[in-house]
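Take 78 as the starting number for the sequence shown in our numbering and just add one per residue.
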Amino acid sequence: MPDLSGMLLLVVVLALLFDFSNGWHDSANAIATVVSTRVLSPLVAVLMAGLLNVAGAFMSTAVAKMIGAGIVDPGAVTQAMVASALGGAILWNLFTLLLGLPTSSSHALIGGLVGSGLVHGGWAVVKLSGLRSVLEAMIISPLFGFLFGLLLMVLISWVFFRTSRALATQLFSRLQLVSAAFMAYSHGANDAQKAMGIITLALLSAGQIASAEVPSWVIVSCAIAMGIGTAAGGWRIVRTLGMRIVKLEPVHGFAAETAAATVLLATAHIGLPVSTTHTITSAVMGVGAIKRLSAVRWGVTARILSAWIFTLPGSALLAALIYVGLAKLS
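Next up, the structure:
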């Protein structure tokens, strides 16, 4: 680990706190279905998810490089700008966690970067092509999550049409252990990389590293921070995602987790920073919709969608305010 200055050390600490809040906020993505269907106890579920989040973080650094160099111009970045972005993202995560809303920690971080970047240097600092990719992914990942969940449930229903309900429940209770592990691993592979990218961006702007390659100590520390946050559990969001959108049985949990994890691993591999929250939430909607459209509680869903829309501008505004405050203090 390099010798860090005071401001740079603050950025690293804030990035790890963000990763902790990300794991805490998003633990529902990995455990909500497996807890709501009573396949695993809450304690066992969060411990399993925490360990697999750590393992998944070592899969790739493609998303980290996108966050580190694809949203704002690395040459224009200051430590105050990065610290403000992290502060805005952490505050947004805590706000939506208290409301029990499964919003995107990834989009909160990206919104924070854009907000502090705009105050710091205007639109010249923001890479519009990278921001466009994020907005496209904001639409594509929920769509794919919904469709994959729906199609997988159709396939399962066709294959197991003559299987008794009791036997199917027993079978998918066991399979859901695998799908929950798959989801936790893919969550770590996708989301832990966001803080890795931020720390790499800060190190690059401070001249501590020569390129956007993610140092090994950054990968390890971010993986552990997210794993601990996930193990803490975000129970209000677990209740929303696992119980309030649609009533889930083990087969629905298996289909939703498998569909969402497949999308997440594919996007992590190509370096597209999609939202794990959007993907698993829409997959839950997709598996619920196969029963009948009225099985999905669309009032709750509309509230969640509203929170999704406000995440980018909300976190951007918080980050901008923090940047202004830091500028007055300095």
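Built from N, CA and C at the ideal position, the CB exists for glycine as well.
All values derive from a computational prediction rather than experimental measurement.
With a cut-off of 8 angstroms on Cβ pairs, the stretch 155-175 is not in contact with the stretch 291-299, counting fewer than three such pairs. Residues of the same chain with a CB within less than 6 angstroms of the CB of L186, apart from the 5 flanking positions on each side, are A166 and K271 in chain order.
Secondary structure note for G222: its alpha helix (DSSP H) is the uninterrupted segment L205 to V236.
Between the alpha carbons of A384 and V154 lies a gap of roughly 28 angstroms.
The alpha-carbon separation between V328 and Q253 amounts to approximately 8 angstroms.
For F259, the CB contacts under 6 angstroms within the same chain, skipping 5 residues up- and downstream, are A338 in chain order.
In its chain, beyond the 5 residues on either side, I167 and N170 have a beta carbon closer than 6 angstroms to the beta carbon of S98.
The beta carbons of G226 and G363 sit about 3 angstroms from each other, so the pair counts as a contact at 8 angstroms. When Cβ pairs closer than 8 angstroms are counted between the two stretches, the stretch 343-358 is seen to touch the stretch 212-221, the count reaching three or more. Contact between E326 and T114 holds, with the beta-carbon distance rounding to 6 angstroms and staying under 8 angstroms. W294: member of the alpha helix (DSSP H) spanning S293 to A309, first to last residue. The distance from the Cβ of G127 to that of A308 is about 4 angstroms, consistent with a contact at the 8 angstroms cut-off.
In this structure, G188 sits near L389, with a CB-CB distance shorter than 8 angstroms. Bounds of the alpha helix (DSSP H) holding I275 are R242 to S282. In this structure, G222 lies near I357, with their beta-carbon atoms less than 8 angstroms apart. For V191, the three-state secondary structure derived from DSSP is helix.
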